[in-house]
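Novice: One structure follows; several queries about it will come next.
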Amino acid sequence: MKLHEYQSKALFAEHGVPIPRGAVASSASEAIVVAQDLGIRVVVKAQVLVGGRGKAGGVRLADTPKEAGELAARILAMKIKNLPVRKVLVDEAVEPITEIYLGVTNDRSANRPVLIASAEGGVDIEDVAHTDPEKIVRISIHPLLGLQEFQARYLASAIELPRDYWRDFIRISRGLFEAYVDSDATLAEINPLVITKNDRLMALDGKVVLDDNALFLHPDLAEMRDIDEEVPAERDARKYGLSYVKLQGTIGCMVNGAGLAMASMDVIKLMGGEPANFLDIGGGASAEKVTAGLRIILTDPNVKVVLINVFGGITLADEVARGILPAIADEKPKVPLVVRLVGTNEEEGQRLLAKAKMITVSTLEEAAQLSVDLAKKGNVE
Amino acid sequence: MSIFIDKSTRLVVQGITGREGFFHSAQMLEYGTNIVAGVTPGKGGEWVLEGKVPVFDTVKLAVETTGANCSVIFVPAKFAADAILEAADAEVPLIVCITEGIPVQRMMKVQHFVRQRDVTLIGPNCPGLLTPGISKVGIIPGTIAKSGNVGIVSRSGTLTYEVLYALKLKGKGVSTCVGIGGDPVNGTDFVDVLGMFEDDPQTEIVVLIGEIGGSDEERAAEFIGDHMTKPVVGFIAGITAPPGKRMGHAGAIVEGGTGLASDKITALRKAGVRVADWPGQIAELIASK
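In the order they appear, the protein sequences are chains B and R. Be aware that the first sequence starts at 967, since it is given in our numbering, and climbs by one per residue. Be aware that the second sequence starts at 18, since it is given in our numbering, and climbs by one per residue.
Structure representation (structure tokens):
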């Protein structure tokens, strides 16, 4: 789960990281009030959970509260990469002299956290990693000891930060690391961390990605989820504990297990089709969960055919069949369903499905080929 | 021969009285696994599974009383990290954690603790181990595999069943099937298991099933190129997965230009691995060998 910039910076500020004064606004009039309170030049920033908002015109400077209001109105009417802007952050405008990158994330290959810094801040750090990898400095953190002062000092020296700022840099590094630990984040980054004209270090922008598996430990953070930014189908899926990702193709997929779900999508693509979604019903799915999953797929207007691939193990094939039947009875699908149902209790599952009109096959390859053929036929008609 | 588990495996099931723990304990018993104990805090002294298995309050007590040398964990995600630590502290040499959804920062600490002891952790978020005809520890359906010379190591659950089933249809049997799990931090990785298969006399060919996310497959490719004499057949799931989206497993996500299926396939092919284009093709490649 991603946090917005204003949420991320608030989290950092709780851990002693200096951030600009400012507040979030969801209308032009609110933005004017914030700008008046600040009493100086402000920056109005779109709050959306995608990158590239600067290029899209979603970050603008305003000299007066009136101008801040006008810009807020304009930005709040925008869509950035298809996501409507619902909130803006109005911050005091800060003039940076230097822009630095500072981030902490999980290093999967080392099974440890890693703190990353670069003197090339304010740009996409992944681009820097690509073009100038030597400009990125990483330091591996012991999972039990946490970030040590000497490590932050090493980073400060390695990015050639002037010594006058080391003390602040170390304090901010520790604050950022604490924020990452306390929130069970998988990523916490300040980009840019700036040296201002007044000789202060300050976090101008922030990004936090939380570990979905750890949200049960942080109900306060879980409440920050911006459901307006989710695809409605993905929101419904989450409610039922289904793992769903909307894609652009025409073949709806319902599968048990993430690996098999991905492999099913891959085989569809290999046969010349395009999957409409990723949907993993998980292990030991109940009939209700299967019904909910199939409903989500059937309500996607792009779907021309549905492929159901279930290899029962912990999941029972008859239980899956009991979930498929009510979804069909309610939604009365106009698109064909291709079902491949094998494994635990497969005979009973097949028997239940025999009554419903669907195409049953015995292998994944057959199922994929048939789905692709049917989707193409659907296109012609 | 097999790896990890055999006839001498004496299993303790942590979370034996829970819904999943109970169901799969019955399945494992039926398969022939020697379950010597169960652990559920607060239920010590009871006997379950038709009075065949004693329940203990702690892993330490279960090990002292029954000589258990392997643990399988079915407890819910909230308590699973604690369960792994408890088993490691009781010095159970092999710990298999089936539970999905353990917070990753917690898991980094647990993994560090486990690696400092003389114990092996498999998982979490994995289907466990199967040595066909001998023993199973976990949830892999026993009926879809027969004994043979193919070693399997996989990050996925049901995709592994798909491959086991396809192998069985082609008349090919398995030495041991190892599910290492779909989480970003796990106890045992591809390289650990590949080394064991290389040394296992029963295993003549190895199947590696990977997926998007991380760089475990790339390291496996390097190991295969440098150290393996036995042939390896592979499959990587997620060639169609879009970047930035988590595909079910916590570990299955393409981030910052790394973890791509295409990079993994290229690395494996460079190391001489024959990589299948679809899961069923793995069985064909092995049968044609």
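Beta carbons: idealized from backbone N, C-alpha and C, even for Gly. Treat the numbers as computed from the prediction; the structure is a model and nothing was measured.
Apart from the five residues on each side of it in sequence, which residues of its chain come closer than 6 Å, Cβ to Cβ, to B/A1043?
Specialist: Locating residue 1043 of chain B in the first sequence gives position 77, where the first residue counts as 1. Cβ neighbours of B/A1043 beyond the five flanking positions: none.
Novice: Can you tell me which of R/G62, R/I139, R/N166 puts its alpha carbon nearest to the alpha carbon of R/T220?
Specialist: Sequence index remark: in the second sequence, residue 220 of chain R carries index 203 (1-based). Per the Cα distances, R/N166.
Novice: Can you pull the chain B residues whose beta carbon is under 7 Å from the beta carbon of R/I303, in chain order?
Specialist: In the second sequence, residue 303 of chain R corresponds to position 286, counting from 1. Going along chain B, no residue has its Cβ under 7 Å from R/I303, so there is no contact; the nearest lies around 16 Å.
Novice: Please confirm if the region 174-190 of chain R is in contact with the region 93-113 of chain R, defined as three or more CB-CB distances below 8 Å between the two stretches.
Specialist: The answer is no - the region 93-113 of chain R does not touch the region 174-190 of chain R, with fewer than three Cβ pairs under 8 Å.
Novice: Report all residues from its chain with a CB closer than 7 Å to the CB of B/A997; omit the five preceding and five following residues, and keep chain order.
Specialist: Residue numbering aside, residue 997 of chain B sits at position 31 when the first sequence is read from its first letter. So the qualifying residues of the chain are A991, V1010, A1034, G1035, A1038, V1054, V1056.
Novice: Anything in chain B within Cβ reach of R/R172, meaning under 8 Å, just list it in chain order.
Specialist: Position 155 of the second sequence, counting from 1, holds the residue named residue 172 of chain R. By Cβ distance, chain B contributes G1225.
Novice: How many Å lie between B/Y1210 and R/V80 at the Cα?
Specialist: To locate residue 1210 of chain B, count along the first sequence from 1; it is residue 244. To locate residue 80 of chain R, count along the second sequence from 1; it is residue 63. The alpha-carbon atoms of B/Y1210 and R/V80 are separated by roughly 42 Å.
Novice: What separation, rounded to the nearest whole angstrom, lies between the Cα atoms of R/I241 and R/G49?
Specialist: Position 224 of the second sequence, counting from 1, holds the residue named residue 241 of chain R. Position 32 of the second sequence, counting from 1, holds the residue named residue 49 of chain R. The straight-line gap from Cα to Cα measures roughly 33 Å.
Novice: Which runs of the alpha helix (DSSP H) at least 4 residues long sit entirely within the region 979-1054 of chain B? Give them in chain order.
Specialist: Within the region 979-1054 of chain B, the complete alpha helix (DSSP H) runs of at least 4 residues are 994-1004, 1031-1042.
Novice: Give the residues from the region 191-211 of chain R that approach chain B closer than 7 Å (Cβ to any Cβ), ordered along the chain.
Specialist: If the cut-off is 7 Å between Cβ atoms, the region 191-211 of chain R has G199, P201, V202 near chain B.
Novice: For the region 137-168 of chain R, enumerate the residues whose C-beta is nearer than 8 Å to any C-beta of chain B, in chain order.
Specialist: Within the region 137-168 of chain R, the residues whose Cβ lies closer than 8 Å to some Cβ of chain B are P144, I156, I157, P158, I161, listed in chain order.
Novice: Mind checking who B/Y1131 pairs with in its DSSP beta bridge?
Specialist: For the purposes of this step, residue 1131 of chain B is taken as residue 165 along the first sequence, with counting starting at 1. None; B/Y1131 has no bridge partner.
Novice: Between B/C1219 and R/G38, what straight-line distance do the alpha-carbon atoms span, to the nearest angstrom?
Specialist: Position 253 of the first sequence holds residue 1219 of chain B. Position 21 of the second sequence holds residue 38 of chain R. So the alpha carbons of these two residues sit roughly 30 Å apart.
Novice: Give the secondary structure of B/M1231 by DSSP, where H, G and I count as helix, E and B as strand, and everything else as coil.
Specialist: Here residue 1231 of chain B refers to the residue found at position 265 of the first sequence. Here B/M1231 sits in helix by DSSP.
Novice: So who's on the other strand from B/D956, going by DSSP bridges?
Specialist: This structure cannot settle anything about residue 956 of chain B, because the visible part of chain B is limited to 967 through 1347.
Novice: By alpha-carbon positions, which one of R/T246, R/V210, R/M45 ends up nearest to R/R27?
Specialist: What you label residue 27 of chain R is simply residue 10 of the second sequence in a count that begins at 1. If we check each option's Cα against that of R/R27, R/M45 comes out closest.
Novice: Pull up the CB-CB distance for R/T193 and R/F21, whole angstroms please, since I reckon it's below 8 Å.
Specialist: Within the second sequence, numbered from 1, the residue matching residue 193 of chain R stands at position 176. Within the second sequence, numbered from 1, the residue matching residue 21 of chain R stands at position 4. Contact flag correct, Cβ pair sits at about 6 Å.
Novice: Using 8 Å as the cut-off, can you tell me whether the region 224-244 of chain R makes contact with the region 145-164 of chain R, which would need three or more C-beta pairs spanning the two stretches below that distance?
Specialist: No, because fewer than three Cβ pairs between the region 224-244 of chain R and the region 145-164 of chain R fall closer than 8 Å, the two stretches do not touch.
Novice: Kindly indicate which three-state DSSP category R/G297 falls into: helix, strand or coil?
Specialist: On the second sequence, residue 297 of chain R is found 280 positions in, with the first residue counted as 1. Helix, per DSSP.
Novice: How about B/K1162 and B/V1025: are their beta carbons less than 8 Å apart?
Specialist: In the first sequence, the residue the question calls residue 1162 of chain B occupies position 196. In the first sequence, the residue the question calls residue 1025 of chain B occupies position 59. One detail in the question is off: residue 1162 of chain B reads as Thr in this sequence, not Lys. Cβ atoms of B/T1162 and B/V1025: not closer than 8 Å.
Novice: Identify the contact partners of R/P120 in chain B, using a Cβ-Cβ distance below 8 Å as the criterion.
Specialist: The residue labelled residue 120 of chain R in the question sits at position 103 within the second sequence. Within chain B, the residues near R/P120 are D1150, D1177, N1179, A1180, L1183.
Novice: Determine the DSSP secondary structure at R/P218, reduced to helix, strand or coil.
Specialist: As a working note, residue 218 of chain R is residue 201 in the second sequence. R/P218: coil per DSSP, three-state reduction.
Novice: Quick check: is the beta carbon of B/E1347 nearer than 8 Å to any beta carbon in chain R?
Specialist: Within the first sequence, numbered from 1, the residue matching residue 1347 of chain B stands at position 381. Summary for B/E1347: the model assigns pLDDT 47, below 50, so the residue's position carries little reliability; its value from the coordinates is reported in the next sentence. Judged by the 8 Å Cβ criterion, B/E1347 is not in contact with chain R.
Novice: What residues of chain B sit near R/N259, judged by a beta carbon separation below 8 Å?
Specialist: Start at 1 with the first residue of the second sequence, and residue 259 of chain R comes out as number 242. Reading off the sequence, residue 259 of chain R comes out as Pro, not Asn. V1211, L1213, listed in chain order.
Novice: In chain order, which continuous runs of the beta strand (DSSP E) of length 3 or greater are located wholly inside the region 1150-1218 of chain B?
Specialist: Counting only runs of 3 or more, we get 1151-1162, 1167-1169, 1172-1176, 1209-1212.
Novice: Does the distance from the C-beta atom of R/G61 to that of R/V53 stay below 8 Å?
Specialist: Position 44 of the second sequence holds residue 61 of chain R. Position 36 of the second sequence holds residue 53 of chain R. For R/G61 and R/V53, no; Cβs fall outside 8 Å.
Novice: Taking the CB atoms as reference points, tell me whether B/L1319 and B/V1305 lie closer together than 8 Å.
Specialist: Counting from one through the first sequence, the residue named residue 1319 of chain B turns up at place 353. Counting from one through the first sequence, the residue named residue 1305 of chain B turns up at place 339. Against a cut-off of 8 Å, the Cβ pair of B/V1305 and B/L1319 comes out as a contact.
Novice: Pull out every residue of the region 91-106 of chain R whose Cβ sits closer than 9 Å to any Cβ of chain B, in chain order.
Specialist: Those would be A94, K95, in chain order.
Novice: Round the Cβ separation of B/I1046 and B/I1125 to the nearest angstrom and send it over; I've been treating them as touching at under 8 Å.
Specialist: Counting from 1 along the first sequence, the entry for residue 1046 of chain B is found at position 80. Counting from 1 along the first sequence, the entry for residue 1125 of chain B is found at position 159. Contact doesn't hold; Cβ gap of about 31 Å is too wide.
Novice: Can you check whether the CB of R/D243 is closer than 8 Å to the CB of R/F207?
Specialist: Looking up residue 207 of chain R in the second sequence gives position 190. Looking up residue 243 of chain R in the second sequence gives position 226. The answer is no: Cβ separation not under 8 Å.
Novice: Using the rule of at least 16 other Cβ atoms within 10 Å of the residue's Cβ for burial, across every protein chain shown, is R/G188 buried or exposed?
Specialist: Within the second sequence, numbered from 1, the residue matching residue 188 of chain R stands at position 171. Its Cβ having fewer than 16 others within 10 Å, R/G188 is exposed.
Novice: Among B/I1217, B/L1303, B/I1234, B/E1297, which has the Cα closest to the Cα of B/N1268?
Specialist: The residue you call residue 1268 of chain B lines up with position 302 of the first sequence. Closest option to B/N1268, Cα to Cα, is B/I1217.
Novice: Would you tell me roughly how many angstroms separate the C-alpha atoms of B/I1102 and B/A1145, rounded to the nearest one?
Specialist: Along the first sequence, one-based indexing puts residue 1102 of chain B at 136. Along the first sequence, one-based indexing puts residue 1145 of chain B at 179. Using only the alpha carbons, I get a separation of about 22 Å.
Novice: Between the Cα of R/G84 and those of R/A269, R/G255, R/E108, spot the shortest distance and give me the residue it belongs to.
Specialist: The residue you call residue 84 of chain R lines up with position 67 of the second sequence. Closest option to R/G84, Cα to Cα, is R/E108.
Novice: Within the 8 Å Cβ cut-off, does B/S1418 reach chain R?
Specialist: As shown, chain B starts at 967 and ends at 1347. That puts residue 1418 of chain B outside it, with no answer to give.
Novice: Which chain R residues sit within Cβ distance under 7 Å of B/A1188?
Specialist: Here residue 1188 of chain B refers to the residue found at position 222 when the first sequence is read from its first residue. Those within 7 Å of B/A1188 in chain R number zero; the least Cβ separation is about 13 Å.
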